[in-house]
Structure formats: C-alpha cells, structure tokens
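Heads up: the sequence shown begins at 147 in the working numbering, then just goes up one per residue. First comes the structure, then the notes that go with it.
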Amino acid sequence: MRRIQAATVIAAPLERVFALLAPAEQAHWYSPGARVEVRDLSSGPVGKGSTWTIVERSRFGSDAMRIEVTAYEPPTRYQSRATASMFT
Numbered sequence: 147m148r149r150i151q152a153a154t155v156i157a158a159p160l161e162r163v164f165a166l167l168a169p170a171e172q173a174h175w176y177s178p179g180a181r182v183e184v185r186d187l188s189s190g191p192v193g194k195g196s197t198w199t200i201v202e203r204s205r206f207g208s209d210a211m212r213i214e215v216t217a218y219e220p221p222t223r224y225q226s227r228a229t230a231s232m233f234t
C-alpha cells in the first residue's frame with residue numbers, strides 16, 4: 147500500500163481552512179473540472195470511522211472512490227483512507 151502525504155501553507159485562520167477542506171466539502175476541491183457526486187454512507191456527524199463514496203465522471207470514464215476517516219480532530223487533524231476503482 148502506498149502512502150501519500152502533502153503539506154501546504156495557507157495564509158488564513160486554521161478553523162476557516164479546516165472547514166473548507168472538511169469531508170463535506172472535499173469533493174469540490176479534490177476533483178476540479180470533473181462532475182462529482184458524493185454519497186454519504188455514514189449517519190451522524192463526521193468523525194473517525196465515517197465513510198462515503200465520491201463518484202467522479204470525466205471524459206475518461208468514471209471513478210468511484212470510497213473514503214474512510216481514520217482520524218478527525220478539528221481544527222488540526224484530518225486523515226482518511228481511500229480505495230478506488232479507476233475509470234470503469
């Protein structure tokens with residue numbers, strides 16, 4: 147299993163940035179230019195163990211990605227695991 151990690155410095159309050167990148171908004175910045183559908187698989191507030199599916203449709207086909215939140219500590223930590231089926 148590959149692990150991908152990234153960091154970026156953004157000149158804005160931490161709470162504001164976290165709210166924009168939180169799971170409910172993730173599909174909008176994750177797949178720019180693609181038609182995206184988010185299917186929430188969990189009930190209740192977002193937290194560790196929450197799951198949902200993002201379906202992206204582009205000119206190359208469609209890609210379904212299942213996301214599971216593995217750590218959620220607002221406003222400092224969000225970690226998830228993604229499993230995808232590429233371009234079906």
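Beta carbons: idealized from backbone N, C-alpha and C, even for Gly. The model shown is predicted, which means the values in this text are computed figures rather than measured ones.
Spatial neighbours of residue i in its chain, beta-carbon cut-off 7 angstroms, leaving aside the 5 residues before and after
| i | result |
| --- | --- |
| S226 | I213, E214, V215 and T216 |
| P220 | F164 |
6 angstroms Cβ shell around residue i - same chain, five flanking residues per side excluded
| i | result |
| --- | --- |
| R203 | R181 |
| G196 | Sequence inspection shows Ser at residue 196; the Gly mentioned does not correspond to that position. These residues qualify, in order along the chain: S188 and V215. |
Three-state secondary structure (DSSP) of residue i
| i | result |
| --- | --- |
| A228 | strand |
| A165 | helix |
Paired residues, beta bridge with residue i - DSSP
| i | result |
| --- | --- |
| S204 | G207 |
| T197 | E214 |
| R185 | T199 |
Same chain, Cβ closer than 8 angstroms to residue i, neighbours up to 5 away in sequence not counted
| i | result |
| --- | --- |
| T222 | L160 and F164 |
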